[in-house]
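Let me begin by presenting the structure, written as structure tokens, before commenting on it.
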Amino acid sequence: MKRKITIAAMIIICFILQSTIFHTLAVGSIKPNLLIILVSSFGFMKGKKEGLIIGFICGLLIDIFYGSVVGLNALIYMYIGYLNGFFSKIFYDEDIKLPMILITASDFLYGFLTYVFLFLLRGRLNFGYYLSKIIIPEIVYTVLVTIVLYRIILIVNYRLEDGRKRGSNRFV
Numbered sequence: 000m001k002r003k004i005t006i007a008a009m010i011i012i013c014f015i016l017q018s019t020i021f022h023t024l025a026v027g028s029i030k031p032n033l034l035i036i037l038v039s040s041f042g043f044m045k046g047k048k049e050g051l052i053i054g055f056i057c058g059l060l061i062d063i064f065y066g067s068v069v070g071l072n073a074l075i076y077m078y079i080g081y082l083n084g085f086f087s088k089i090f091y092d093e094d095i096k097l098p099m100i101l102i103t104a105s106d107f108l109y110g111f112l113t114y115v116f117l118f119l120l121r122g123r124l125n126f127g128y129y130l131s132k133i134i135i136p137e138i139v140y141t142v143l144v145t146i147v148l149y150r151i152i153l154i155v156n157y158r159l160e161d162g163r164k165r166g167s168n169r170f171v
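Everything in the sequence shown is counted per the working numbering, starting at 0 for the first residue and increasing by one.
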């Protein structure tokens, strides 16, 4: 129960930070995607199922508050969390390269799928412009924020796992 409450609090905190503080710190209307960092991190730390669930919740939050189509972001985030879960077997806490690569790829996938579903299907075919002006700057900004936020997520995950291990040993 403590784990669920902590994860829900992390989702809400990241959503509020992304919507308020980082919205005001936007560079050229580009802001980092904190929820992608959170979804990707829990996907490769805890596996496909948890990545899928957290991704769905984060995407649904975005859809409810900012989306023009309810369910689109939920679907995209859900798949991103699920795909990151495939890497949970090769995830090592000490290695920062895999999380950085996966978060970069996840943010690119999010930007690409957003372009496809919201722009390409409406006949806006200038992908080069969208890539250079929106996707790549957002990836760079997200990766810079990942350096700090990922460490916090890792520490919270350690404490939750440590509490789970102590709790299971208590009944043995």
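Built from N, CA and C at the ideal position, the CB exists for glycine as well.
Discussion item. DSSP three-state label for I151, please.
Written reply: Of the three classes helix, strand and coil, the one that applies to I151 here is helix, per DSSP.
Worksheet item: Between which two residues does the alpha helix (DSSP H) harbouring P98 extend?
Response: For P98, the enclosing alpha helix (DSSP H) stretches over residues 96 to 117.
Practice prompt. For S28, count neighbouring C-beta atoms within 10 Å of its own C-beta (all shown protein chains included) and say buried if the count is 16 or more, exposed if not.
Written response: By the neighbour-count rule (16 or more Cβ atoms within 10 Å), S28 is not buried but exposed.
Worksheet item: Exposed or buried, D106, counting other C-beta atoms within 10 Å across all chains shown (16 or more means buried)?
Response: Taking every protein chain shown into account, the CB of D106 has 16 or more other CB atoms within 10 angstroms, so this residue is buried.
Item to complete: State the DSSP-derived secondary structure class of V26, mapped to helix, strand or coil.
Response: Taken through DSSP and simplified to helix, strand or coil, V26 comes out as strand.
Discussion item. What would DSSP say about G70, mapped onto helix, strand or coil?
Written reply: When secondary structure is reduced to three states using DSSP, G70 falls in the coil class, being assigned neither helix nor strand.
Worksheet item: Does the region 30 to 42 touch the region 134 to 149, meaning 3 or more C-beta pairs lie closer than 8 Å?
Response: At 8 Å Cβ cutoff, the stretches touch.
Worksheet item: Would you call the region 65 to 83 and the region 97 to 113 in contact, with 3 or more CB pairs under 8 Å?
Response: Using a Cβ-Cβ distance cut-off of 8 Å, the region 65 to 83 and the region 97 to 113 are in contact, since at least three pairs of beta carbons, one from each stretch, lie closer than that value.
Item to complete: Throw me the rounded Cβ distance for the I134 and L37 pair, which I believe falls under 8 Å.
Response: That belief does not hold up - the Cβ atoms of I134 and L37 are roughly 19 Å apart, past 8 Å.
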